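Heads up, the thing below is written out as structure tokens.
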Amino acid sequence: MSVVRCVSNELLLNISGASYGAALFTEVPHDVVSQAGDDVEMACSFRGASSSSVSLEIQWWYTRHSREGAEQPAWTTNQVVSQENTPNGATKISVVKVVGSNISHKLRLSSVRPSDEGTYECQVIDFSENRSQRHRVQAYLKVQPDVHNRDQKNGEEKKTSEENTDPEDHQMSHH
1 MSVVRCVSNE
11 LLLNISGASY
21 GAALFTEVPH
31 DVVSQAGDDV
41 EMACSFRGAS
51 SSSVSLEIQW
61 WYTRHSREGA
71 EQPAWTTNQV
81 VSQENTPNGA
91 TKISVVKVVG
101 SNISHKLRLS
111 SVRPSDEGTY
121 ECQVIDFSEN
131 RSQRHRVQAY
141 LKVQPDVHNR
151 DQKNGEEKKT
161 SEENTDPEDH
171 QMSHH
């Protein structure tokens, strides 16, 4: 199994001057720190090894765990893995299939919550050869509680409890 950083892969292609030849990610998702309630996008684009049309598939996977518990490295890889090697405990959240030499997909997460925090993995399955090859990249989403909304809710709770206190109750307790 070979692990090659995408940056290095692109650099090698630029040095050789080849327009095709090595399959690689042309856009990868990046680690994101977001506030609860924000919308988040993660992009994934891939160019197959062949300039002719082949069957390509993008799958987005989600694994809920803390960064410390991640079994995969945090950095982006252009890794070929076996068909059976899917993220442990992961949930498939999206599948896009095309016939062509390129594929891309943006994963859009609306109004993220702390429960959305975890590793998001873009897997591309390239069916250009006799066997399928799976390439994958990962990014981590960290969701911070929305401090502004929490303070606002606390203020509303205080206001509500003050409104529920009837002034006559205070007078009666003093008599």
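The opening residue of the sequence shown carries number 1 in UniProt numbering; numbering runs sequentially from there.
Where a beta carbon is used, it is the ideal one built from N, C-alpha and C, also for glycine.
Remember, predicted model here, so these are calculated numbers, not experimental data.
State the Cα-Cα distance for the pair residue i and residue j, rounded to the nearest angstrom.
i: glycine 100; j: tryptophan 61; result: 22 Å
i: phenylalanine 25; j: aspartate 38; result: 26 Å
i: aspartate 126; j: valine 143; result: 32 Å
i: glutamate 121; j: serine 52; result: 26 Å
i: threonine 63; j: tyrosine 140; result: 10 Å
i: serine 110; j: glycine 89; result: 23 Å
i: aspartate 31; j: alanine 23; result: 23 Å
i: residue 176; j: threonine 91; result: Absent from the model: residue 176. The displayed extent of the chain is 1 to 175, so no value can be given.
i: glutamate 41; j: valine 33; result: 12 Å
i: serine 128; j: threonine 119; result: 28 Å
i: valine 54; j: histidine 65; result: 35 Å
How many whole angstroms separate the CB atoms of residue i and residue j, which I take to be in contact at a CB cut-off of 8 Å?
i: aspartate 146; j: glutamine 35; result: 5 Å
i: asparagine 102; j: glycine 48; result: 7 Å
Residues in its own chain within less than 6 Å of residue i by CB, not counting five upstream and five downstream?
i: valine 124; result: Phe46, Ile58, His135
i: valine 95; result: Gln59
i: isoleucine 93; result: Trp60, Tyr62
In the DSSP assignment, the beta strand (DSSP E) including residue i goes from what residue to what residue?
i: histidine 65; result: Careful: histidine 65 lies outside any beta strand (DSSP E) and carries neither H nor E.
i: asparagine 127; result: It is worth fixing the name first, because residue 127 is phenylalanine in this sequence and not asparagine. Phenylalanine 127 -> no beta strand (DSSP E), and no H or E assigned at all.
Skipping 5 residues on each side, what residues in its chain have a beta carbon closer than 8 Å to that of residue i?
i: cysteine 44; result: Phe25, Glu27, Val28, Pro29, Ile58, Trp60, Ser104, His105, Lys106, Leu107, Cys122, Val124, Val137
Who are the Cβ neighbours of residue i in its own chain at under 7 Å, not counting the five residues just before and after it?
i: valine 98; result: Leu56
According to DSSP, is residue i part of a helix, a strand, or is it coil?
i: residue 230; result: Residue numbering for the chain in the displayed model covers 1 to 175; residue 230 lies beyond these limits and cannot be assessed.
i: valine 147; result: helix
i: arginine 134; result: strand
i: serine 52; result: coil
i: serine 34; result: strand
i: glycine 100; result: strand
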